[in-house]
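Colleague: Residues in the first sequence are numbered consecutively from 2, following this note's numbering.
Ideal Cβ positions, reconstructed from N, Cα and C, are used throughout, including at glycine.
Just so it is clear, the structure is predicted and the values come from calculations on it, not from any experiment.
Input: one structure, supplied below.
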Amino acid sequence: MAVRLCDVASLLRSGSWAAEPWTGVIAAMETQLSNGPTCNNTSNGPSTISNNCSSPVESGSIEDSKTNLIVNYLPQNMTQEELKSLFGSIGEIESCKLVRDKITGNVKTWIRQSLGYGFVNYVDPKDAEKAINTLNGLRLQTKTIKVSYARPSSASIRDANLYVSGLPKTMTQKELEQLFSQYGRIITSRILVDQVTGVSRGVGFIRFDRRIEAEEAIKGLNCQKPPGATEPITVKFANNPSQKTSQALLSQLYQSPNRRYPGPLAQQAQRFRLDNLLNMAYGVKSRFSPMAIDGVTSLAGINIPGHAGTGWCIFVYNLAPDADESILWQMFGPFGAVTNVKVIRDFNTSKCKGFGFVTMTNYDEAAVAIASLNGYRLGDRVLQVSFKTNKTHKA
DNA sequence: TCCCATT
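As structure tokens, then:
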């Protein structure tokens with residue numbers, strides 16, 4: 002008997018997953034958490050921050066410290082509306098802002114490129130905590146987002162990012178942090194690696210909590226040899242991406258392919274995601290079975306409704322009469338490549354007839370979207386989301 | 001040799 006993947010969606014529809022729309026994604030994330038970008042500082046709550054300069058000006062007040070979150074490593078094409086949609090699934094949002102490139106100059110002003118991070122301020126501190134617990138580490142397209150409390154905004158924490166080069170190729174991220182931690186509190190660290198071989202490129206970043214800490218680190222470590230190293234390292238302030246022009250960002254975008262060649266870890270993560278879906282649905286470990294060797298393509302021969310040749314067609318039911326295409330983009334876009342959305346409307350009234358379709362390019366992204374969005378509460382309606390079936394009978 | 005963490 003052939004495994005019918007369309008049944009995954011209906012199986013996932015029942016049970017506890019439906020009650021918590023996003024837990025599907027989280028469950029799929031479990032094995033990925035250690036693979037993402039530097040997420041070892043996700044517990045940087047306000048309690049560890051010295052709040053000496055008591056100036057709750059700008060946009061951050063003391064009360065905000067338990068409701069205001071910073072979200073890092075967002076996909077480049079994610080909009081503020083999508084950010085709000087995703088985090089709004091946790092609880093009521095007081096404000097939400099995607100930080101964008103503000104440089105305009107000669108270039109077209111309508112291009113305001115996302116800088117890949119944003120802020121979400123909840124009404125209820127409990128929702129902020131819940132968002133950290135459930136959305137931190139969520140994989141969106143090629144990114145693994147980081148969700149943590151925002152530090153109170155202040156000039157002293159800006160421009161605290163260092164660029165370090167000449168590192169021994171054998172130096173680990175942990176060793177890098179150990180070297181710099183004597184100068185202050187490290188917010189993030191990263192060593193760049195060759196995309197193909199995974200070998201260190203000998204360059205990295207250290208972001209301190211405060212700029213003065215970064216300045217001290219430059220004084221103490223620039224042109225110095227780390228313990229055991231034969232060559233001195235260079236430590237300087239990193240280029241500030243917000244000062245890059247839109248033009249530069251554009252050319253950078255143009256040069257880097259939209260979908261990077263997945264390294265071993267990414268491939269493994271993808272396999273785990275597929276594995277989790279199959280495991281939850283059937284209690285099988287697909288990665289130990291031949292059909293999971295390369296995920297989707299090795300599933301050939303299995304009857305998979307929803308596959309439309311150009312992508313995977315998803316059926317979305319229980320949309321409101323005034324629903325439009327944009328809501329479908331907003332809901333499904335964060336999960337991966339969406340090539341088409343359509344709201345089915347009444348010919349005479351132009352009102353939505355209660356359902357629509359979404360086409361996604363990649364199977365596993367579609368599967369995670371379905372597992373996550375099925376049962377999603379949109380307004381006063383609970384959506385039903387599944388792969389489109391070939392059946393034509395009326396519901 | 002430059003990663004996208006402060007509105």
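Closest by CA to Leu163, which one among Asn363, Asn241, Ser351 and Ala156?
Modeller: Looking at the Cα atoms, Asn241 is the closest of the given residues.
Colleague: Measure the alpha-carbon distance for Val148 versus Ala129 and round it to whole angstroms.
Modeller: For Val148 and Ala129, the distance between alpha carbons rounds to 9 Å.
Colleague: My guess is that Phe238 and Ala215 are in contact by the Cβ rule of under 8 Å, so how many angstroms apart are they, rounded?
Modeller: At roughly 7 Å, the Cβ-Cβ gap stays under 8 Å, so Phe238 and Ala215 are in contact.
Colleague: I want to know whether the region 219-233 touches the region 173-184 - three or more CB-CB distances under 8 Å.
Modeller: Yes, the region 219-233 touches the region 173-184.
Colleague: If Lys67 sits next to Pro126, beta carbons under 8 Å apart, how far is it from one beta carbon to the other, in whole angstroms?
Modeller: Between Pro126 and Lys67 the Cβ distance is about 4 Å, and since that is below 8 Å, they are a contact.
Colleague: To which residues does DSSP link Arg449 through a beta bridge?
Modeller: This structure gives no information on residue 449, because the portion of the chain shown stretches from 2 to 396.
Colleague: Helix, strand or coil, according to DSSP, for Val197 in the structure here?
Modeller: Reduced to three states, the DSSP call for Val197 is coil.
Colleague: State the beta-bridge partners of Arg346 as determined by DSSP.
Modeller: Arg346 is bridged to Cys353.
Colleague: State the CB to CB distance for the pair Ala324 and Val344, rounded to an integer number of angstroms; the pair is presumed to be in contact (CB under 8 Å).
Modeller: Going by Cβ atoms, the distance from Ala324 to Val344 rounds to 6 Å, so yes, they are a contact pair.
Colleague: Here's the rule: buried if 16 or more other CB atoms are within 10 angstroms of the residue's CB, otherwise exposed. What is Leu254?
Modeller: The predicted position of Leu254 is uncertain, since its pLDDT is 35 and thus under 50; a value taken from the coordinates is nonetheless stated next. By the 10 Å Cβ count, Leu254 comes out exposed.
Colleague: Excluding the 5 residues flanking Glu366 on each side, which residues of the same chain have their C-beta closer than 6 Å to its C-beta?
Modeller: The residues are Phe336 and Gly337.
Colleague: Starting from Thr135, follow the alpha helix (DSSP H) in both directions and report where the run begins and ends.
Modeller: Element bounds for Thr135: Pro126 to Leu136.
Colleague: Please confirm whether Ile315 and Phe356 have their CB atoms less than 8 Å apart.
Modeller: No, the pair does not count as a contact, with Cβ atoms beyond the cut-off.
Colleague: If you draw a straight line from the C-alpha of Gln385 to the C-alpha of Leu70, how long is it?
Modeller: Gln385 and Leu70: Cα-Cα distance of roughly 30 Å.
Colleague: Is Ile158 closer than 8 Å to Asp210 when the C-beta atoms are compared?
Modeller: Yes, the pair counts as a contact, with Cβ atoms nearer than the cut-off.
Colleague: How far does the alpha helix (DSSP H) with Glu93 in it extend, from its first residue to its last?
Modeller: Here Glu93 belongs to no alpha helix (DSSP H), and DSSP marks it neither H nor E.
Colleague: DSSP on Leu266, reduced to helix/strand/coil?
Modeller: At Leu266, the pLDDT of 28 sits below 50, so the modelled position is not reliable; the number obtained from the coordinates is stated separately. Reduced to three states, the DSSP call for Leu266 is helix.
Colleague: Which term fits Pro227, buried or exposed, when burial requires 16 or more other beta carbons within 10 angstroms of its beta carbon?
Modeller: The residue in question, Pro227, is buried, as its Cβ has 16 or more Cβ neighbours within 10 Å.
Colleague: Residues in its own chain within less than 7 Å of Lys175 by CB, not counting five upstream and five downstream?
Modeller: Once the five neighbours on either side are set aside, Lys175 has no close Cβ partner at all.
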